[in-house]
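>
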DNA sequence: TGTTAGCACTCACTTCCCTCGAGTGCTAAC
DNA sequence: GTTAGCACTCGAGGGAAGTGAGTGCTAACA
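Protein chains in written order, with the working numbering: chain A, 3 to 343; chain B, 3 to 343.
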């Protein structure tokens, strides 16, 4: 796509900026005043006409102003937008509300989601750190009742996850403890999903009869480790935006958010891109065709271990959101780095 | 409050029934037709006029029909309502969707909340079983990193809860294990909150130097055991009701639900009443003044261990909701009884 | 050749007004 | 005590007219 000439760019920017603020179609007069380019409305009109033809602007009806198309937002995000810096107030807000003394990962994640949603006034979501990329440090099994036990997996980074698993009823608590020790010894330092197959034979050699049971238990554990949890906050923020004043539309959005499955998918899909923006129909989900999703990854120990993001109307303040996400990502990474040493 | 005469009751019932269905003010003609009492609209009008004077009905404006007041709903719930039975279809639905083979309490709770919300089309909430009323069977401590450990509390009923706690950095994993064994031995069979004080001295006697640390750990554990988790499902259902078509009102409701604190309070407050109904301003929360909350307790081992409920507009189908809650409560109790043996 | 003033035109939105009808309360008759 | 009859109320729905923000086109200007 060959880019537009500078003047068209600036006009488009003025339109998008204005529309993001007001949600109302933007007219040539407004652009002429707002953008200090010293051009008359008539000139702007000509340019706007061109931009419409090129697919960057849309007209709700003949005598209304123009609104940006998805294509315009895309261009805006990629090439036009002032990549806004946080104001001092905003940076301050984050510092004050991200309590670095918290000692539990889950709590940090919840706080982050809250701050993200409060600052942007959109719906925020944070994927809790993914264990699959980490190395096992310890697996504990705690007998809960006949036939069930809780497995707690601790990784080298200090992230934990627990799962209820089934165990043979015949196992005594001592057996369970023995098995946990054995598993820990074998898996210590490995990634769970990679290690299971390679480790099973040696387990089988050491405790022949119970090997099948152990194998099933490991499968249970692996399955639940692959489940990703996502913290979603501020879903009701969407009702602040006029494009969702229609109850049916709002309901659809909220139901989709509540189910969480799509958001989870987006977050996991974006787990290897530092920052991603999906605008409108770029979400391959018809329920989200009027939304944009911006995500960013966060790290610990130099590796991506999770993703967080924001969902809002396509008319989103991309600059601000991206700046906040960037800052929050590094804050969160710092906290986790310290927390998980 | 002296009750109304039977005819007034039946008329009020007809009005409430109709209003619950339609959300539109009910006129005398409608009542005359709907209630097969063989009375003319004029007669009904006289009675309705009385009911208005008595505070059971309200008139949005002179030439509209009447709508029930809170007082009317209260009377309706206490004395008038047909305590509806579930249809076979509904009972069936519950049986099919409450998977009795699930082996984890949390999963059962989530399922129950989903079923409750789907069947009523209101917002449902289920308090996870409260540990405070149960006896400890085992407390495990799993070292996570220097200074932190995960505590897993298992009760005699098989309900579990875990918490991240701080531990002295000097403790070795072996020390931690020893402490866990000690705590378990001392607390086994007791309720945590009751036992701590009485048990601490003996702990102090056995491991003098680390007793302070252990005491702090127990406090951490107790604190997190008292935190109640609540599963909320179907918040967006509220948008199906015309009384919440106003975005600002919907937003207020959803924000309140999302924060969860009020719902949690209601559920814990209601934990010793088999079934409770709060109508409108009976909720001492201005944000909930147009909502009703119906709750029911569920049991395991013959004791109340949790609460669940439904939030919706005051114009709620109380009969249906209460029938569903009753049935679900006993289903859930059954499942938990089996699950927790 | 690009820019701009001027102008006719479009069209959603608001306001006003009218009608319609569901509903009420009152009165008088049964 | 019940009901038919009737005048009255008032919100909802539906044009009609006016308003104004905005457009596209044309012609003139630098």
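Backbone N, C-alpha and C fix where the C-beta goes; we use that ideal spot for every residue, glycine too. Since this is a predicted model, take the numbers as computed values, not measurements.
Taking CB distances under 8 Å as the criterion, tell me whether residue 164 of chain B reaches chain A.
Yes - at least one Cβ of chain A is within 8 Å of the one on residue 164 of chain B.
> Measure the beta-carbon distance from residue 131 of chain B to residue 272 of chain B and round it to whole angstroms, keeping in mind my assumption that it falls under 8 Å.
Actually they are not in contact, since the Cβ atoms of residue 131 of chain B and residue 272 of chain B sit about 15 Å apart, beyond 8 Å.
> Using a Cβ cut-off of 8 Å (strictly closer), state whether residue 152 of chain B contacts chain A.
At least one chain A Cβ lies under 8 Å of residue 152 of chain B.
> Thinking C-alpha only, which one of B:255, B:320, B:246 is nearest residue 297 of chain B?
Looking at the Cα atoms, B:320 is the closest of the given residues.
> Would you say residue 160 of chain A reaches chain B, if we count a Cβ-Cβ gap shorter than 8 Å as a contact?
Yes, residue 160 of chain A lies at the interface with chain B (some Cβ there is under 8 Å from its Cβ).
> For residue 251 of chain A, which residues in the same chain have their Cβ closer than 7 Å to its Cβ, ignoring the five residues on either side in sequence?
Excluding sequence neighbours, residue 251 of chain A sits near nothing in its chain.
> Do residue 128 of chain A and residue 232 of chain A have their C-beta atoms within less than 8 Å of each other?
Result yes, Cβ atoms of residue 128 of chain A and residue 232 of chain A sit closer than 8 Å.
> Tell me whether residue 334 of chain A is buried or exposed, calling it buried when 16 or more other Cβ atoms sit within 10 Å of its Cβ.
Buried, by the Cβ-count rule.
> What do you reckon, is the C-beta of residue 108 of chain A under 7 Å from a heavy atom of the ligand ADP?
As far as ligands go, the structure on display features none, and thus does not contain the ligand ADP.
> Could you say which of A:329, A:286, A:175, A:169 lies nearest to residue 277 of chain A if we only look at CA atoms?
Looking at the Cα atoms, A:329 is the closest of the given residues.
> If you run the structure through DSSP and keep just helix, strand and coil, what is residue 112 of chain A?
Helix.
> Taking 8 Å as the CB-CB cut-off, is residue 253 of chain B touching chain A?
Yes, its Cβ sits closer than 8 Å to a Cβ of chain A.
> Mind listing the chain A neighbours of residue 106 of chain B? Cutoff is C-beta to C-beta under 7 Å, in chain order.
166, listed in chain order.
> Helix, strand or coil for residue 175 of chain A per DSSP?
Helix, per DSSP.
> Step through the CB atoms of chain A and report whether any lies within less than 8 Å of the CB of residue 237 of chain B.
For residue 237 of chain B, the answer is yes, since a Cβ of chain A falls inside 8 Å of its Cβ.
> Once DSSP output is grouped into helix, strand and coil, what is the label at residue 73 of chain B?
Three-state result, residue 73 of chain B: helix.
> What residues in its chain sit with their C-beta under 8 Å from that of residue 21 of chain A, if we drop five residues either side in the sequence?
Hits under 8 Å: 27, 28, 69, 70, 317.
> Which partner residues of residue 153 of chain A appear in the DSSP bridge assignment?
Partner(s): A:143, A:165.
> Determine the closest residue to residue 157 of chain B out of A:163, A:147, A:166, A:164, with distance taken between C-alpha atoms.
Of the candidates A:163, A:147, A:166, A:164, the one whose C-alpha sits nearest the C-alpha of residue 157 of chain B is A:147.
> By a C-beta neighbour count over all protein chains shown, 10 Å radius and 16 as the cutoff for buried, is residue 285 of chain B buried or exposed?
Buried.
> Rounded C-beta distance between residue 236 of chain B and residue 119 of chain B? I'm assuming under 8 Å.
That belief holds up - the Cβ atoms of residue 236 of chain B and residue 119 of chain B are roughly 3 Å apart, short of 8 Å.
> If we count the other Cβ atoms within 10 Å of its Cβ and call it buried at 16 or more, is residue 94 of chain A buried or exposed?
By the neighbour-count rule (16 or more Cβ atoms within 10 Å), residue 94 of chain A is not buried but exposed.
> May I ask you to report which of helix, strand or coil DSSP gives residue 3 of chain A?
A caution first: residue 3 of chain A carries a pLDDT of 46, below 50, which makes its placement in the model too unreliable to give a value.
> Based on Cα-Cα distance, which residue from A:6, A:222, A:183, A:299 lies nearest to residue 176 of chain B?
Of A:6, A:222, A:183, A:299, the residue nearest in Cα terms is A:183.
> Could you work out which residues of chain A lie near residue 140 of chain B, taking near to mean beta carbons separated by less than 8 Å?
The contacting residues are 144, 145.
> To the nearest angstrom, how far is the alpha carbon of residue 246 of chain B from that of residue 25 of chain B?
Between residue 246 of chain B and residue 25 of chain B, the C-alpha separation is close to 11 Å.
> Against chain B, which members of the stretch 212-238 of chain A pass a CB distance test of less than 9 Å?
Of all residues in the stretch 212-238 of chain A, 235, 236, 237, 238 have a Cβ within less than 9 Å of some Cβ in chain B.
> DSSP three-state label for residue 9 of chain B, please.
Residue 9 of chain B falls in the helix class under three-state DSSP.
> Give me the subset of the stretch 251-277 of chain A whose CB atoms are less than 7 Å from a CB atom of chain B, sorted by chain position.
Those would be 252, 253, 256, 257, 260, in chain order.
> Do the CB positions of residue 82 of chain A and residue 11 of chain A come within less than 8 Å of each other?
A contact, by the Cβ cut-off of 8 Å.
> Step through the CB atoms of chain A and report whether any lies within less than 8 Å of the CB of residue 241 of chain B.
Yes, residue 241 of chain B lies at the interface with chain A (some Cβ there is under 8 Å from its Cβ).
> Excluding the 5 residues preceding and the 5 following residue 37 of chain A in the sequence, name in chain order all residues of the same chain whose CB lies nearer than 7 Å to its CB.
If we look at residue 37 of chain A and ignore the five residues flanking it on each side, its Cβ neighbours are 12, 13, 16.
> Assuming residue 34 of chain B is part of the alpha helix (DSSP H), what are its boundary residues?
Element bounds for residue 34 of chain B: 30-36.
> Below 9 Å on C-beta distance, what does residue 115 of chain B contact in chain A?
Under the 9 Å cutoff, chain A gives no residues; its nearest Cβ is about 12 Å from residue 115 of chain B.
> What does residue 247 of chain B touch in chain A if you count any residue whose Cβ is under 7 Å from its own?
By Cβ distance, chain A contributes 249.
> Just how far apart, CA to CA, sit residue 258 of chain B and residue 96 of chain B?
Cα to Cα, the separation comes out at about 28 Å.
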